[in-house]
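**Q** Residue numbering for the sequence shown follows the numbering used here, starting at 35 and increasing by one per position. Beta carbons: idealized from backbone N, C-alpha and C, even for Gly. Structure below; questions to follow.
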Amino acid sequence: MERRAIVVTGVVQGVGFRPFVYHLADRFQLHGSVKNQSGSVLIEVEGEPSSLEGFLAELTDRPPPLAQIDRLSWEPRAPRGESRFQIESSEADGASPVFISPDVATCPECLAEVFDTGDRRFGYPFLNCTNCGPRLTIITGAPYDRRRTTMATFAMCAACRAEYDDPADRRFHAQPTACADCGPRLRLLDGAGMPLSSPDPIAFFGEALEKGEIGALKGLGGYHLACMARDSSTVAELRRRKHRDEKPFAVMVADLEAAERLVEIGPAERSLLLSAARPIVLLRALRPDVVAEEVAPGNPWLGVMLPYTPLHHLLMRAVEGVPLVMTSGNRSDEPIVHRESDAGTLAGIADLFLVHDRPIHVRCDDSVTRVVDGVELPVRRSRGYAPSPIALPVACPRPVLAVGGQLKVTFALGRGRQAFVSHHMGDLDHYNAFQSFENDVELYQRLFAIRPELLVHDLHPDYVTTRYAQERAAREGTQLLAVQHHHAHVASCMAENGLDEPVIGVAFDGSGFGDDGAIWGGEFLVGDYRGVRRAAHLRYIRMAGGDRAVREPWRLALAHLRDAGKEINDIKAHALHADVRVVLRMLERNINAPFTSSVGRLFDAVASLAGVRDRVSFEGQAAIELEALATAQPEGEAYPLDFEPSGGGGGMDGPMVIDTRPMIRAVADDVANHVSSGLIARRFHSTMVDLVALTCGRLRDATQIETVVLSGGVFLNALLTHEVCARLGREEFRVYRHRLVPPNDGGLSLGQLAVAAALLS
Ligand code: ZN
Ligand code: ZN
Ligand code: FE
35 MERRAIVVTG VVQGVGFRPF VYHLADRFQL HGSVKNQSGS VLIEVEGEPS SLEGFLAELT
95 DRPPPLAQID RLSWEPRAPR GESRFQIESS EADGASPVFI SPDVATCPEC LAEVFDTGDR
155 RFGYPFLNCT NCGPRLTIIT GAPYDRRRTT MATFAMCAAC RAEYDDPADR RFHAQPTACA
215 DCGPRLRLLD GAGMPLSSPD PIAFFGEALE KGEIGALKGL GGYHLACMAR DSSTVAELRR
275 RKHRDEKPFA VMVADLEAAE RLVEIGPAER SLLLSAARPI VLLRALRPDV VAEEVAPGNP
335 WLGVMLPYTP LHHLLMRAVE GVPLVMTSGN RSDEPIVHRE SDAGTLAGIA DLFLVHDRPI
395 HVRCDDSVTR VVDGVELPVR RSRGYAPSPI ALPVACPRPV LAVGGQLKVT FALGRGRQAF
455 VSHHMGDLDH YNAFQSFEND VELYQRLFAI RPELLVHDLH PDYVTTRYAQ ERAAREGTQL
515 LAVQHHHAHV ASCMAENGLD EPVIGVAFDG SGFGDDGAIW GGEFLVGDYR GVRRAAHLRY
575 IRMAGGDRAV REPWRLALAH LRDAGKEIND IKAHALHADV RVVLRMLERN INAPFTSSVG
635 RLFDAVASLA GVRDRVSFEG QAAIELEALA TAQPEGEAYP LDFEPSGGGG GMDGPMVIDT
695 RPMIRAVADD VANHVSSGLI ARRFHSTMVD LVALTCGRLR DATQIETVVL SGGVFLNALL
755 THEVCARLGR EEFRVYRHRL VPPNDGGLSL GQLAVAAALL S
C-alpha cells in the first residue's frame with residue numbers, strides 16, 4: 035500500500051476535473067481525496083503501487099476534455115488506511131494562482147436533454163453540466179465555486195442538489211447547474227421595458243422575429259440584437275436604428291447542415307464552428323439569397339456561428355432554423371449591453387426583449403475567427419477563448435500588467451510563463467467601455483491573484499490605456515514601461531509562436547505612434563523582445579485632415595497622386611471632390627496633415643484610385659473590398675516599386691524607405707486606361723507580396739536573419755497572408771503568423787507583456 039499527494043496545475047477548475055478524478059480513483063480502487071486549491075487541484079490517493087501508476091498515466095494521457103494540464107507533480111505520503119474516496123470543498127485563500135475556464139458551448143448530453151420531452155429539464159434554457167455552460171461571464175471571485183458566481187443567489191432544489199452531490203452524476207459539482215424549479219427564468223418585455231406575459235416566451239419571441247420585429251436577447255456575455263437574416267427591410271431597419279451603416283452583421287444558424295447550405299466550409303472551419311468556443315467564423319457566402327445583402331453589404335464573407343447556449347438552441351428551433359442576424363446589443367460603437375439596468379440603451383432599437391435573471395458579471399463579446407491555409411487566424415479573441423493562458427517563451431520574473439492600445443483593446447496579466455490575455459474590451463473611446471476595462475482589470479487581478487509590479491503601455495501619449503497606466507503607476511508606486519506599437523505587434527507574434535531570437539518583424543496596420551512622432555504602420559523592424567531597429571518603412575505620405583483622412587480615403591489618394599507627380603486630372607471624376615482644393619492646400623502648407631507610413635492607408639488610397647470607394651464607414655472596409663476583388667481575379671502582375679537606401683534625414687544608417695511612387699503612377703495609368711478595379715486590386719496585392727519579399731530579402735542580406743514574423747491588422751487579409759507566407763516560404767525564410775491572438779491591436783497586450791518579461795529577466 036502506497037499513498038501519493040499529486041498537485042495538478044493548468045486549466046483544472048470548473049472543467050469537471052474533480053468528478054473525473056473521483057471516477058478514475060474508483061476505477062483503480064484507490065482511496066483518498068481531491069480538492070481545489072487556488073490555482074491547482076490537490077489529489078491524495080492510496081492503493082496498490084500498480085494502480086497508482088495506472089491512475090497517474092490515465093490522468094496525464096486522458097484528462098477531461100476541457101482541462102488543460104500544465105504541470106503534474108507528486109510526492110509520497112504515509113498511507114492512512116482510508117476506506118473511501120471523497121471530494122473535499124475548496125479552500126478560499128485567494129493568495130496563490132488560480133485558473134479560470136472560458137465559457138463553454140452546450141454539450142451534446144445537455145442538448146439531448148433540452149429536446150427530450152421525458153427529461154426533467156425538457157425545454158429549460160439554462161441547463162448545463164460540468165462539461166459545459168457559463169464560466170468566465172458569471173465568475174465574481176476565486177476559487178471557482180457556486181458562491182463566487184452570479185448563481186450564488188439561486189438555491190438549488192432537492193433534485194439539483196442530489197445530482198450536484200452525486201459523484202456518479204454528470205452534474206457532480208457543476209457550479210452553475212439549475213433546473214426550471216430552482217434556476218434562472220426568462221422574462222419577456224416590450225420595447226418600452228414593460229412585462230409581457232406568455233406561457234412560452236421563446237415561442238413568442240420567435241414569432242415576433244418571424245413577423246419582422248427586432249428583438250434583444252440577453253445571452254451569455256451580453257445582449258444580442260436578433261432579426262430574420264433573409265428579410266432585407268428588417269435588416270436595413272436594424273442598421274438604421276443601430277446607426278450602423280455597413281459593418282457586417284453575424285448570422286446564427288441552427289446547425290452545421292444549415293451552415294453548409296449557406297457558406298463554404300472546409301475541415302478547419304467545420305471544427306471551429308463546432309468547437310466548445312463557438313466563435314463567429316468568417317466564411318465565403320454560397321447562397322446570397324438565403325441572407326439579405328444588407329447583412330454584410332459588399333462583403334463576400336459572412337460571419338456565421340452555431341448556437342452555444344440552450345436558449346439559442348431553443349430559439350433556433352422556434353424559428354424553424356431560419357438564419358438569424360445576431361449582432362452585439364449596442365448602439366453604434368458603444369460597448370455591448372450586459373446589465374439589465376443598461377438595457378434601456380436598446381429601447382428604440384429593439385421591439386421586444388427576452389431577458390433572464392442570471393446576472394452577467396463579465397461582459398464578453400463573441401469571438402471572431404477565420405481560417406487561412408487550414409490554420410486559424412483570430413480576428414477577435416474573446417468568449418470561449420479568454421481567459422485561457424498563453425505560454426510565454428520568456429518567463430515574467432515579476433507580475434506584470436500590459437494594458438494594450440486604444441482600439442480592440444485586450445489587457446494581459448503575466449506571471450511566470452503564463453500570459454492571461456483578457457477577453458475583448460473593444461474601443462475605449464466611450465467612458466462606459468473604459469469603466470468596464472478598469473473593472474475587468476481589477477477582477478482578473480483578483481481571479482488570478484496577480485498584483486502587478488510593472489505596468490506596460492503603448493508609446494502613444496493620448497491612448498486612454500496609456501493615461502490609465504501612468505496614473506495608476508503614480509498612485510501605486512509601480513514601475514512603468516512604454517513599448518512602441520509595432521514592436522509590441524512583432525513581439526506578440528513572436529511570443530505566441532514561442533520565438534526568442536532576432537527576427538525580421540513585418541508590422542502592417544492602420545496606425546501606431548512612432549518614435550519620431552509620425553503615424554507608423556508599414557514597418558520592418560529587426561530585433562527581438564529587448565529592442566528593435568526600424569530597418570525599413572513605407573515612404574511617408576501626408577494625411578490631410580488627420581483622422582478625417584481615415585474615413586475619407588480619397589484624401590490619401592490625392593496625397594499619393596501629388597507625391598507621385600501625377601496630374602490630379604488623370605484620375606476619373608470619382609476621386610474628385612468639392613474639397614479637393616482645400617485638401618491640396620492642406621498638403622501644400624502642411625496644415626493638419628501628419629506623416630504616415632501606414633499600409634492601411636495605402637490600401638485606402640488604392641481603393642479610392644481604383645474607384646472602389648472614396649469613403650469608409652468602418653476602418654478596414656476599403657481593404658476588405660480590395661481583398662474580395664483581388665481574390666476573384668486570377669494572377670495579376672505586380673506594379674513597380676523603388677527602394678531608397680536611407681531616408682527621413684537619418685543618414686546612411688537610417689531606415690530603408692520603400693518608395694511607393696512608381697506603383698501609384700502605374701495605378702493611375704491603369705485607371706486612365708480603364709483597367710478594371712478587380713485587376714487593379716489583384717495587381718496591388720501582388721505588389722504588396724513583392725514589397726514584403728523584396729524588403730525581407732534585402733534585410734536578410736544585411737543581417738543574415740531568416741526568421742520573419744507577420745503582424746498588424748493588415749494581416750487579417752487572408753489573400754495577402756496566404757501569398758506572403760507562400761512566397762517567403764519559397765524564398766527559404768522561416769515565416770510565422772498569428773494563430774492564437776489577433777494580428778490587430780487585440781494582440782498588442784501579449785506583445786507588450788513579452789517585451790516586459792524579456793526586459794525584466
Ligand atoms: Zn453539458
Ligand atoms: Zn433544480
Ligand atoms: Fe496596430
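1) Just mark residue 751 as buried or exposed, buried being the case when its beta carbon has 16 or more other beta carbons within 10 Å.
2) Would a C-beta distance cut-off of 8 Å place residue 39 and residue 154 closer than the cut-off?
3) Residues bridged to residue 562 by DSSP?
4) Please enumerate, following chain order, all residues with a beta carbon closer than 7 Å to at least one heavy atom belonging to ligand 2.
5) Can you give the Cα-Cα distance for residue 679 and residue 733, rounded to whole angstroms?
6) State whether the region 365-385 contacts the region 433-445, with contact taken as three or more CB pairs (one from each stretch) at a distance under 8 Å.
7) With DSSP as the reference, label residue 465 as helix, strand or coil.
8) Quick one: give me the first and last residue of the alpha helix (DSSP H) that residue 616 is part of.
9) Just mark residue 47 as buried or exposed, buried being the case when its beta carbon has 16 or more other beta carbons within 10 Å.
10) Three or more beta-carbon pairs under 8 Å between the region 76-93 and the region 141-153, yes or no?
11) Under 8 Å between the Cβ atoms of residue 587 and residue 650?
12) Roughly how many angstroms lie between the CA atoms of residue 641 and residue 278, to the nearest whole one?
13) Residues in the same chain with beta-carbon distance under 8 Å from residue 246, minus the five sequence neighbours each way, listed in chain order, please.
14) Strictly by DSSP, which residues pair up with residue 36?
15) Which value, in whole angstroms, describes the spacing of the CA atoms of residue 328 and residue 383?
16) Kindly indicate the opening and closing residues of the beta strand (DSSP E) around residue 144.
17) So the candidates are 105, 72, 121; which of them puts its Cα closest to the Cα of residue 65?
18) When every heavy atom of ligand 3 is checked, does at least one fall within less than 7 Å of the C-beta of residue 549?
19) Is residue 474 close to ligand 3? I mean its beta-carbon at under 7 Å from any heavy atom of the ligand.
20) Among the candidates 778, 570, 556, whose CA atom is the shortest distance from the CA of residue 689?
21) Check residue 126 in the structure and name its three-state DSSP category.
22) With respect to 7 Å, is the separation between the Cβ of residue 746 and the closest non-hydrogen atom of ligand 4 below this value?
23) Between which two residues does the beta strand (DSSP E) holding residue 690 run?
24) What would DSSP say about residue 546, mapped onto helix, strand or coil?
25) Taking C-alpha atoms, which residue in 675, 657, 773, 788 lies nearest to residue 754?
26) Do residue 336 and residue 285 come within 8 Å of each other at the CB atom, strictly closer than that value?
27) Under the three-state reduction of DSSP, which class applies to residue 685: helix, strand or coil?
28) Taking Cβ positions, are residue 219 and residue 211 nearer each other than 8 Å?
29) Under 8 Å: do the region 710-726 and the region 500-520 share three or more Cβ pairs, one atom per stretch?
30) Can you tell me which of the three DSSP states residue 6 falls into?
31) Report buried or exposed for residue 409, applying the criterion of at least 16 other Cβ atoms within 10 angstroms of its Cβ.
32) Which residues in the same chain have their Cβ closer than 6 Å to the Cβ of residue 821, if we skip the five residues on either side of it in sequence?
33) How many Å lie between residue 36 and residue 108 at the Cα?
34) So, under 8 Å CB-CB, residue 416 and residue 398 are touching, yes? Tell me the CB distance rounded to an integer number of Å.
35) Tell me where the beta strand (DSSP E) around residue 216 begins and ends.
36) So, with DSSP's three-state summary, where would you put residue 367?
**A** In terms of the structure at hand:
1) That one is buried.
2) No; because the gap between Cβ atoms is not below 8 Å, this pair is not in contact.
3) DSSP output for residue 562 lists 565 as bridge partner(s).
4) Any residue whose Cβ sits closer than 7 Å to a heavy atom of ligand 2 makes the list: 190, 191, 193, 194, 212, 213, 215, 216, 217.
5) C-alpha separation (whole angstroms): 12 Å.
6) Cβ pair count under 8 Å is below three, so no.
7) Three-state DSSP puts residue 465 in a helix.
8) Looking at the DSSP string, the run of the alpha helix (DSSP H) that includes residue 616 is 614-623.
9) Under this definition residue 47 is a buried residue.
10) No contact exists between the region 76-93 and the region 141-153.
11) Contact: yes.
12) Residue 641 and residue 278 have their C-alpha atoms spaced approximately 21 Å apart.
13) Cβ neighbours of residue 246 within its own chain (closer than 8 Å, five residues either side excluded): 261, 262, 265, 267, 268.
14) Note: residue 36 sits in a beta bridge opposite 81.
15) Cα to Cα, the separation comes out at about 17 Å.
16) In the DSSP assignment, residue 144 falls outside any beta strand (DSSP E) and lies within the alpha helix (DSSP H) extending over 142-148.
17) Closest option to residue 65, Cα to Cα, is 121.
18) Residue 549 Cβ: outside cutoff for every heavy atom of ligand 3.
19) Not under cutoff, so the answer is no.
20) Ranked by how close their Cα comes to the Cα of residue 689, the residues 778, 570, 556 have 570 in first place.
21) At residue 126, the pLDDT of 49 sits below 50, so the modelled position is not reliable; the number obtained from the coordinates is stated separately. Taken through DSSP and simplified to helix, strand or coil, residue 126 comes out as coil.
22) Because ligand 4 does not appear in the structure shown, any question about it cannot be addressed here, the ligands present being ligand 1, ligand 2 and ligand 3.
23) Residue 690 -> beta strand (DSSP E) spans 690-693.
24) DSSP, reduced to helix, strand and coil, places residue 546 within a strand of the structure shown.
25) For residue 754, the nearest C-alpha among the options comes from 657.
26) Inclusion of residue 285 and residue 336 in the CB contact set at 8 Å is warranted, their separation being smaller than that value.
27) Confidence at residue 685 is low in this model, with a pLDDT of 46, below 50, so its placement is unreliable and the value that follows should be read with caution. DSSP places residue 685 in helix when its eight states are reduced to three.
28) Cβ distance not < 8 Å, so residue 219 and residue 211 don't count as in contact.
29) The region 710-726, when compared against the region 500-520, does not touch it at the 8 Å Cβ threshold.
30) A question about residue 6 goes unanswered here, because the residues of the chain that appear run from 35 up to 795.
31) Exposed, by the Cβ-count rule.
32) For residue 821 there is no data in the structure shown, the boundaries of the chain being 35 and 795.
33) Between residue 36 and residue 108, the alpha-carbon positions lie close to 12 Å from each other.
34) Confirmed, Cβ separation roughly 6 Å.
35) Careful: residue 216 lies outside any beta strand (DSSP E) and carries neither H nor E.
36) It is coil, neither helix nor strand.
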